[in-house]
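Here the structure comes first, spelled out in structure tokens, and everything after it is commentary.
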Amino acid sequence: MTEKQAVILVVDDEMVVRRVLSEKVGLAGYRCEQASTADEALARIKSTAVQLAILDIKMPGKSGVELLSEIKAAYPDIAVIMATAVIDINTAIECLKQGAYDYITKPFNLDEVLLSVERALERRRLELENRDYQLHLEQKVGEQARKIRAAFLNAVTALVYALEAKDKYTSGHSQRVADISVAIAAELGFSRPKIEQIRLAGLIHDIGKIGVREAVLNKPGKVNDEEYRHILSHSSIGEHILTPIVEDEAILKAVRHHHERYDGTGYPDGLAGEQIPLAARILAVADTYDAIISGRPYRAAQSIQTACDEIEHNRASQFDSKVVDAFIRVRKSADLVDAGSSKI
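So the sequence shown is numbered by our numbering: it starts at -13 and just counts up by one.
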């Protein structure tokens, strides 16, 4: 709609005033509507797309000032010009504070009224354009930020896969942990967004091992105390790596705490019980299961039954019992496969 097609509502209890103003703005190319009371004006506004209203301040019943307040509260995009036969600077200031564009006095200079209308509509147009620009700019910036974060996250996931591909002992581990964790989360009744959080956390839970020396990770014998402490740092390193690119605090905490133990003797923070995020408690079971059935430099792969027995044995000490129960139910309904596949 162009400015000359704008709908202007004239609100005045005097019919002559309404007619004179309507004729003037109508000759200038605007469409004009009329109302004699505040209630009638609100009904017109509700049924018609009004861009500007000229309100008489002194009207029977609800005043123009009260009407101005209601219009600005419900229809903030309508420009308003106040009109009165009494010059009252305090009232004028109050109207401007409430959002009126201008304050004109009777008897009207119709050319000045028309100029005020044009200026009010121009300011309205500029304000709407600026708001639209800001809205679209924020959307574009937000979308670009999401794309950048997604690209980084994809890169991190690809890096995890690349690192695992170089090590026959851990190849496919993160994908399997993600799949097992998703199955447990679904069994526990997680929503789709929460399940997606679990999936992402599972895929990147070991990213911190980038910061662990390869000689320590692949050491065939028993690690010493210093090497053991070095390995323990991978969960906090993972959180540190992911913090700049992952906004979801739940994913970050799942990565950081997936080696906590239910009895409080885990790492890195020694959290216990319900202090440990549920996502991390799920990852702990899935991670342990896959680690046991996978070969390691220091031992051969163990059987699925051995893995399940170990998890059962450590319920309530290392693992959350309700997570263990969900894991067992998943095992009974559809066997978790061995380390050669990522399906459940």
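Just so you know, even glycine gets a beta-carbon here, dropped at the ideal spot from N, CA and C.
Bear in mind that the values here come from a model prediction, so they are computed numbers and not experimental data.
Asked	Found
Rounded separation between residue 328 and residue 279 - CA only	Because residue 328 sits at a pLDDT of 42, beneath the cut-off of 50, its placement in the model cannot be relied upon, and the point is left open.
Short Cβ contact (8 Å threshold) for residue 47 with residue 23	yes
Residues bridged to residue -3 (per DSSP)	21, 41
Reference residue 313, options 65, 44, 275, 233, closest by Cα	275
Distance, residue 69 Cα to residue 90 Cα	5 Å
Touch test, the segment 180 to 198 against the segment 238 to 247, Cβ-Cβ under 8 Å, three pairs minimum	yes
For residue 339, the first and last residue of its enclosing beta strand (DSSP E)	Residue coverage of the chain in this structure runs from -13 to 330, which leaves residue 339 outside it and unanswerable.
Beta-bridge partners of residue 90, as assigned by DSSP	69
C-alpha distance - residue 293 paired with residue 273, whole-angstrom precision	11 Å
Short Cβ contact (8 Å threshold) for residue 53 with residue -3	yes
Sub-8 Å separation of residue 38 and residue 86 beta-carbons	no
Which residues DSSP lists as bridging residue 176, in chain order	Partner(s): none; residue 176 has no beta bridge.
Straight-line Cα distance separating residue 266 from residue 66	57 Å
Reduced DSSP secondary structure (H/G/I, E/B, other) of residue 285	strand
Residue from 172, 145, 171, 27 whose Cα sits closest to the Cα of residue 160	145
Range of the contiguous alpha helix (DSSP H) that encloses residue 276	264 to 279
Rounded straight-line distance, which links the Cα of residue 319 to that of residue 221	31 Å
Boundaries of the alpha helix (DSSP H) in which residue 318 is found, first to last residue	307 to 319
Beta-carbon separation (whole angstroms), residue 303 vs residue 249, contact threshold 8 Å	5 Å
When 230, 56, 93, 158 are compared against residue 72, the one with the closest alpha-carbon	93
DSSP state of residue 301 mapped onto helix, strand, coil	strand
Residue 290: CB within 7 Å of a non-hydrogen atom of the ligand NAD	Annotation note on the ligand NAD: not contained in the displayed structure, which lists no ligands.
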